[in-house]
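Presented below is the structure to which this report refers.
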Amino acid sequence: MKFKSLMTSALLGASLVLTPSAWGATEIQWWHAMEGALGETVNKIAKDFNASQSEYQLTPVYKGGYEDTMTAGIAAFRAKQQPHIIQIFDAGAATIINAKGAVYPVQDLLSKHGVGFDANNYISGVRSFYADSTGKMVGMPFNSSTPVMYYNKNAFQKAGLTLPPATWEDFEMRVAPALKAAGYVPMAQSHSPWIFSENFHSRHNLPMATNNNGFGGLETKILYNNPAMVTHWSKMKQWQDQGFYKYYGRAWGDNQAAFVNEEVAIWFGSSGSFGGLKNSAKFPFGTTYLPYWHGVTSKPTNTFIGGAALFTMSGHSDAEYKGVAKFFEFLTKPDVQFFWHRETGYVAITNAAYELAQREGYYKENPDAEVGILQLNLPGGEHSKGYQLGFYVQVREVMYEEYDKLFSGKQDAKTALANIEEGANKLLVKFARTYK
Amino acid sequence: MRVFWKRHQLLNHLLLLLGVAFLALPLWLVFASSTHDPGTLIREGMQLGFGGKFQETYYGVLTEKKGFTEQVTAATMMLNSLILGLGFALGKIVVSMTAAYAIVYFRFPLGGALFWVIFTTLLLPLEVRIIPSYKVVADLGMLNSYSGLIIPLIASATGTFYFRQFFRSVPDELLEAAKLDGAGPWKFFIDILLPLSRTMMAALFIIMFVVGWNQYLWPLLMTTDESYNTIVLGIKSVMQNIDGNRLPEYNRGFALAILALVPPVCIVVFFQRWFIKGLLESDK
Amino acid sequence: MKRVTFSHSPIPYLFVLPQIAIIAVFFLWPSAEAIRLSFFLEDPWGLSNEFVWFENYQTIFEDPEYVGTLIATLIFSLSVTFLSLGLAMLLAVQVDGLLRGGGTYRPLITWAYAIAPAVAGLVARFLFSPQIGPIYAWLNPEGQPPWFEPNLDSIDAWVVVTSGAVWRQVSVNFIYLLAGLQSIPRAVLEASRIDNPSGLGRFWSVTFPLLAPTLFFLMVINFSYAFFETFAIIDTVFPFGPPSGAASLVYKVYVDGFKGADLGGSSAQSVVLMLFVLALTVVQFRYLEKKIHY
Numbered sequence: 013m014k015f016k017s018l019m020t021s022a023l024l025g026a027s028l029v030l031t032p033s034a035w036g037a038t039e040i041q042w043w044h045a046m047e048g049a050l051g052e053t054v055n056k057i058a059k060d061f062n063a064s065q066s067e068y069q070l071t072p073v074y075k076g077g078y079e080d081t082m083t084a085g086i087a088a089f090r091a092k093q094q095p096h097i098i099q100i101f102d103a104g105a106a107t108i109i110n111a112k113g114a115v116y117p118v119q120d121l122l123s124k125h126g127v128g129f130d131a132n133n134y135i136s137g138v139r140s141f142y143a144d145s146t147g148k149m150v151g152m153p154f155n156s157s158t159p160v161m162y163y164n165k166n167a168f169q170k171a172g173l174t175l176p177p178a179t180w181e182d183f184e185m186r187v188a189p190a191l192k193a194a195g196y197v198p199m200a201q202s203h204s205p206w207i208f209s210e211n212f213h214s215r216h217n218l219p220m221a222t223n224n225n226g227f228g229g230l231e232t233k234i235l236y237n238n239p240a241m242v243t244h245w246s247k248m249k250q251w252q253d254q255g256f257y258k259y260y261g262r263a264w265g266d267n268q269a270a271f272v273n274e275e276v277a278i279w280f281g282s283s284g285s286f287g288g289l290k291n292s293a294k295f296p297f298g299t300t301y302l303p304y305w306h307g308v309t310s311k312p313t314n315t316f317i318g319g320a321a322l323f324t325m326s327g328h329s330d331a332e333y334k335g336v337a338k339f340f341e342f343l344t345k346p347d348v349q350f351f352w353h354r355e356t357g358y359v360a361i362t363n364a365a366y367e368l369a370q371r372e373g374y375y376k377e378n379p380d381a382e383v384g385i386l387q388l389n390l391p392g393g394e395h396s397k398g399y400q401l402g403f404y405v406q407v408r409e410v411m412y413e414e415y416d417k418l419f420s421g422k423q424d425a426k427t428a429l430a431n432i433e434e435g436a437n438k439l440l441v442k443f444a445r446t447y448k
Numbered sequence: 145m146r147v148f149w150k151r152h153q154l155l156n157h158l159l160l161l162l163g164v165a166f167l168a169l170p171l172w173l174v175f176a177s178s179t180h181d182p183g184t185l186i187r188e189g190m191q192l193g194f195g196g197k198f199q200e201t202y203y204g205v206l207t208e209k210k211g212f213t214e215q216v217t218a219a220t221m222m223l224n225s226l227i228l229g230l231g232f233a234l235g236k237i238v239v240s241m242t243a244a245y246a247i248v249y250f251r252f253p254l255g256g257a258l259f260w261v262i263f264t265t266l267l268l269p270l271e272v273r274i275i276p277s278y279k280v281v282a283d284l285g286m287l288n289s290y291s292g293l294i295i296p297l298i299a300s301a302t303g304t305f306y307f308r309q310f311f312r313s314v315p316d317e318l319l320e321a322a323k324l325d326g327a328g329p330w331k332f333f334i335d336i337l338l339p340l341s342r343t344m345m346a347a348l349f350i351i352m353f354v355v356g357w358n359q360y361l362w363p364l365l366m367t368t369d370e371s372y373n374t375i376v377l378g379i380k381s382v383m384q385n386i387d388g389n390r391l392p393e394y395n396r397g398f399a400l401a402i403l404a405l406v407p408p409v410c411i412v413v414f415f416q417r418w419f420i421k422g423l424l425e426s427d428k
Numbered sequence: 627m628k629r630v631t632f633s634h635s636p637i638p639y640l641f642v643l644p645q646i647a648i649i650a651v652f653f654l655w656p657s658a659e660a661i662r663l664s665f666f667l668e669d670p671w672g673l674s675n676e677f678v679w680f681e682n683y684q685t686i687f688e689d690p691e692y693v694g695t696l697i698a699t700l701i702f703s704l705s706v707t708f709l710s711l712g713l714a715m716l717l718a719v720q721v722d723g724l725l726r727g728g729g730t731y732r733p734l735i736t737w738a739y740a741i742a743p744a745v746a747g748l749v750a751r752f753l754f755s756p757q758i759g760p761i762y763a764w765l766n767p768e769g770q771p772p773w774f775e776p777n778l779d780s781i782d783a784w785v786v787v788t789s790g791a792v793w794r795q796v797s798v799n800f801i802y803l804l805a806g807l808q809s810i811p812r813a814v815l816e817a818s819r820i821d822n823p824s825g826l827g828r829f830w831s832v833t834f835p836l837l838a839p840t841l842f843f844l845m846v847i848n849f850s851y852a853f854f855e856t857f858a859i860i861d862t863v864f865p866f867g868p869p870s871g872a873a874s875l876v877y878k879v880y881v882d883g884f885k886g887a888d889l890g891g892s893s894a895q896s897v898v899l900m901l902f903v904l905a906l907t908v909v910q911f912r913y914l915e916k917k918i919h920y
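Chains as they are written, first to last, in the numbering used here: chain A, 13 to 448; chain B, 145 to 428; chain C, 627 to 920.
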């Protein structure tokens with residue numbers, strides 16, 4: 013018995029000595045919110061980075077969903093145990109970008125540690141989202157997607173349609189009635205705030221908020237209660253009553269499942285959804301841009317990204333930051349970006365990666381994968397660069413509340429949007445005061 | 145006819161069987177469904193009969209390693225739940241017994257005041273102070289640790305009052321006799337009170353084990369490192385995966401639910417008598 | 627208090643220390659922090675804060691959502707209390723009235739005590755799930771527009787959450803009620819047979835009043851359970867948030883504090899909840915003490 017335990021401790025001791033960290037490799041902690049298969053891809057990238065050099069050991073840790081990860085990061089920062097890299101999502105961007113004492117802007121990090129940084133390397137739809145009011149990139153975009161439209165080709169065939177709707181007018185007049193007659197629910201969507209509010213403004217080049225959508229500073233007001241939105245959401249309710257649109261609740265999956273079940277013929281999801289759809293949908297589907305209202309604009313513009321970025325937290329040593337910079341350098345290599353893009357469906361964020369994918373013929377085999385990037389690269393307008401608004405998680409809560417009430421018939425679109433604007437502005441004012 | 149009804153009490157039995165079915169049927173559906181593959185579940189809904197995938201699903205859930213460190217399986221989560229349940233139950237008993245002993249058997253300055261301090265914890269359940277409790281634990285650096293998981297939960301006085309009731313029911317003669325024999329407070333506690341309290345300790349242990357095992361909100365808040373997930377929390381992460389962009393794996397979620405349920409149910413059923421005694425004693 | 631005690635010993639201080647230490651660190655300090663934070667507007671990172679008097683409280687009470695949530699939580703708690711007590715009473719009476727076989731039923735009902743509220747929520751969620759739930763399918767037959775939509779309608783959502791909560795709580799109440807019933811002396815029941823040949827009449831005039839203290843105790847326990855401890859059920863039935871109008875007060879504290887990183891607001895909500903509990907406990911002790919001593 014004693015011999016056994018001696019051997020075990022010897023082996024344990026040996027394994028400790030033989031792991032790279034015992035050799036003095038600097039450890040870098042990366043907290044992320046990528047679950048399931050996405051997390052496995054993250055792990056692979058980290059393993060590849062670790063294998064490519066021996067100075068630094070990168071350890072990714074899954075901390076739960078986006079909100080949980082941000083909360084974990086905040087708590088860790090308060091307890092002085094923050095990680096080096098943390099993944100923060102779009103709705104939380106304002107919270108971390110305005111925390112000047114907590115974050116180390118990635119542009120500064122990369123410049124200081126000799127890794128080149130040029131904003132023009134990044135595709136245009138991605139560049140500006142995670143920058144501060146001076147335009148400096150604070151976060152490094154990591155997993156970016158944009159909302160796109162998926163449609164069931166069988167359903168379209170059955171309904172005698174060939175082309176998906178390019179405009180909402182087209183949807184209402186040509187596509188929806190035909191789909192309904194063929195026995196389908198014409199349309200469902202999975203995220204009222206992201207797809208049908210934020211990107212609605214972007215697609216139509218309408219301002220979401222004052223102060224350049226919040227980028228200009230903290231004294232910002234939301235502008236959701238505008239004629240275009242009122243029209244659009246009144247139409248949504250009307251379509252619900254007419255049977256052109258069905259709301260399956262807040263959960264993303266419930267609305268997607270209806271599309272997979274072939275109950276719904278058109279579904280609005282994320283550019284990253286096509287991977288899962290390829291596995292689960294038993295019908296051929298097409299991918300295309302979000303429709304727009306011709307009555308609002310004749311020159312629709314790009315959508316912007318959702319997803320998250322990687323932020324570096326303050327309070328670490330220079331040696332560790334060097335490691336972080338090295339990792340970011342690794343991460344933005346075209347082949348690594350292409351790998352991430354291919355495996356997960358998130359868009360390739362650098363132009364070089366996009367070009368690599370094109371050269372490799374990836375989009376010939378998977379045309380759906382390109383739609384997101386193409387839509388992001390559409391000619392932009394002044395209001396289509398994204399947003400940076402504080403307490404935005406709670407603003408989205410307000411939106412969900414009001415849209416829920418709209419769809420259950422408790423109020424009309426005008427009231428809903430007025431309430432959203434009021435609630436959101438209260439939150440924004442509070443945020444501005446909190447971060448003074 | 146009346147005699148027939150009375151003797152066979154068919155109506156009573158019928159109502160009781162309905163009651164038992166009301167309690168058991170939903171779980172049966174969950175269990176049976178967990179043995180099917182997700183495709184069947186999506187097409188046909190939850191199942192009453194078995195689907196032949198019991199071994200595959202449960203074995204997979206118990207042993208499939210996830211995470212960067214590749215250590216988190218359902219077995220790990222059950223282990224965490226076990227640690228939480230045992231640690232919480234043991235901790236509660238030790239802390240409450242000693243505190244109750246002090247309050248009941250001693251007159252000392254501060255005694256009265258301390259009693260009221262302990263009492264106030266009954267007034268404010270954890271749910272009401274979750275955010276600041278989280279902040280405190282975070283500030284202490286106790287997030288993602290077993291101690292952080294267990295110790296804050298012990299801060300309520302239910303156990304102390306439970307033992308207080310019991311100690312007050314112990315006859316004074318015992319103490320008088322012990323004092324006559326020259327026994328000090330420590331000896332009295334160890335040699336006389338503890339053996340007397342055995343049944344009560346067992347009863348409270350069972351109840352607290354179940355309470356600890358079934359905790360949801362507190363572990364949810366303070367474990368962001370998945371290797372500390374309890375099995376009850378594991379259900380939530382599977383469910384969140386279901387709502388992501390992938391094929392919903394209902395069968396795994398259901399399997400986890402069953403795994404989360406089996407240990408506490410077994411304990412409650414096997415130790416029924418003690419457990420019920422403990423519940424009833426603690427209502428005073 | 628005990629008449630016979632020890633004196634002049636360091637033991638009480640030592641023995642009471644663990645409990646007091648834990649209470650001080652994990653109860654008193656957080657409660658004090660909650661009260662302190664409720665008067666500040668502090669950024670989540672702890673980098674800046676501003677004293678704002680009662681503004682957070684004002685915001686709460688001016689928010690129609692908060693008041694709505696309060697009312698919804700109250701109604702929900704009352705429904706859970708009465709439904710689970712009613713069902714448990716029914717079952718307990720049956721078991722008590724059995725001449726034979728009562729012993730077999732007891733474990734068949736009490737096992738449900740071990741169900742975690744989170745598991746109850748999960749079961750409720752899938753039983754009512756539009757994709758795979760048998761109850762949903764039963765309520766919304768094919769071919770007709772669905773009328774029961776827990777993901778959209780707040781009342782339907784509450785029905786699902788209530789079902790989960792009641793399902794789990796019945797066995798707790800059952801245990802207490804059965805014990806209470808079985809502790810009523812047979813002699814009393816026999817004697818009342820003369821005045822009340824009807825079983826139901828006997829129940830209301832004799833059994834029910836004798837059970838009153840237990841019932842009252844259970845009402846308080848059930849109400850607090852439903853009011854405070856059903857976060858697990860709501861969160862497992864609706865992982866992305868319940869539809870508008872179907873959140874409970876505790877859930878709201880969690881969402882605002884944890885997901886929204888609004889420390890001041892959620893602390894104020896916590897303090898309000900604390901005051902609520904205090905009021906509830908005062909009521910409980912006043913009436914409980916009175917009723918017990920008859």
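Where a beta carbon is used, it is the ideal one built from N, C-alpha and C, also for glycine.
Just so it is clear, the structure is predicted and the values come from calculations on it, not from any experiment.
In chain order, ALA360, ILE361, THR362, ALA365 place their CB closer than 7 Å to the CB of GLN349 of chain A, counting only its own chain and leaving out the 5 sequence neighbours on each side. Assigned with DSSP and collapsed to three states, ASN766 of chain C falls in coil, not helix or strand.
Out of C:PHE641, C:ALA738, C:ARG732, C:THR631, the CA that lies nearest to the CA of VAL721 of chain C is found in C:ARG732. Pairing LEU302 of chain A with PRO159 of chain A, the inter-Cα distance amounts to about 7 Å.
Short of 8 Å from the beta carbon of VAL376 of chain B, and not among the five residues preceding or following it, lie these beta carbons of its own chain, in chain order: SER225, TRP357, ASN358, GLN359, TYR360, PRO363, ALA404. Pairing TYR374 of chain A with SER664 of chain C, the inter-Cα distance amounts to about 55 Å.
Contact between ALA858 of chain C and ALA744 of chain C holds: their C-beta atoms lie close to 4 Å from each other, under 8 Å. In the DSSP annotation of this structure, the continuous segment of the beta strand (DSSP E) that includes SER156 of chain A starts and ends at 152-157. Counting only unbroken stretches of 4 or more residues, the alpha helix (DSSP H) elements lying wholly within the region 831-874 of chain C are 834-854, 857-863, in sequence order.
Ranked by Cα distance from THR146 of chain A, the first of A:GLY228, A:SER66, A:THR356 is A:GLY228. Beta-bridge annotation (DSSP): VAL197 of chain A is paired with A:VAL276. Contacts between GLY319 of chain A and chain C, judged by CB atoms closer than 7 Å, are missing: the closest CB pair is about 17 Å apart.
By the Cβ rule, the region 274-288 of chain B does not count as touching the region 216-224 of chain B, because fewer than three pairs are nearer than 8 Å. Using a Cβ-Cβ cut-off of 8 Å, ASP861 of chain C does not count as an interface residue toward chain A, since no Cβ of chain A sits closer than that to its own. Under the DSSP assignment, PHE339 of chain A falls in the alpha helix (DSSP H) whose first and last residues are 330-343. Contact between GLY231 of chain B and TYR290 of chain B holds, with the beta-carbon distance rounding to 7 Å and staying under 8 Å. Sequence-distant Cβ neighbours of MET241 of chain B in its own chain, meaning closer than 6 Å and more than five residues away, are PHE307.
Around the beta-carbon of GLU775 of chain C, 16 or more other beta-carbon atoms lie within 10 Å, marking it buried.
Interface residue (Cβ-Cβ distance to chain B less than 8 Å): ARG90 of chain A is classified as such. For MET241 of chain A, the closest alpha carbon among the candidates A:GLU79, A:GLU231, A:TYR415, A:GLN119 is that of A:TYR415.
Under the three-state reduction of DSSP output, ILE336 of chain B falls in the helix class. Shown here is that no member of the region 168-187 of chain A has a Cβ falling below 8 Å from a Cβ of chain C. For ALA263 of chain A, the secondary structure class from DSSP, reduced to helix, strand or coil, is coil. Of the candidates A:GLN41, A:ALA178, A:PHE168, A:TRP42, A:ALA178 places its Cα closest to the Cα of THR309 of chain A. The alpha-carbon separation between LEU228 of chain B and ASN156 of chain B amounts to approximately 40 Å. Taken through DSSP and simplified to helix, strand or coil, LEU667 of chain C comes out as strand. DSSP links TRP362 of chain B through a beta bridge to no other residue. Under the three-state reduction of DSSP output, SER282 of chain A falls in the strand class.
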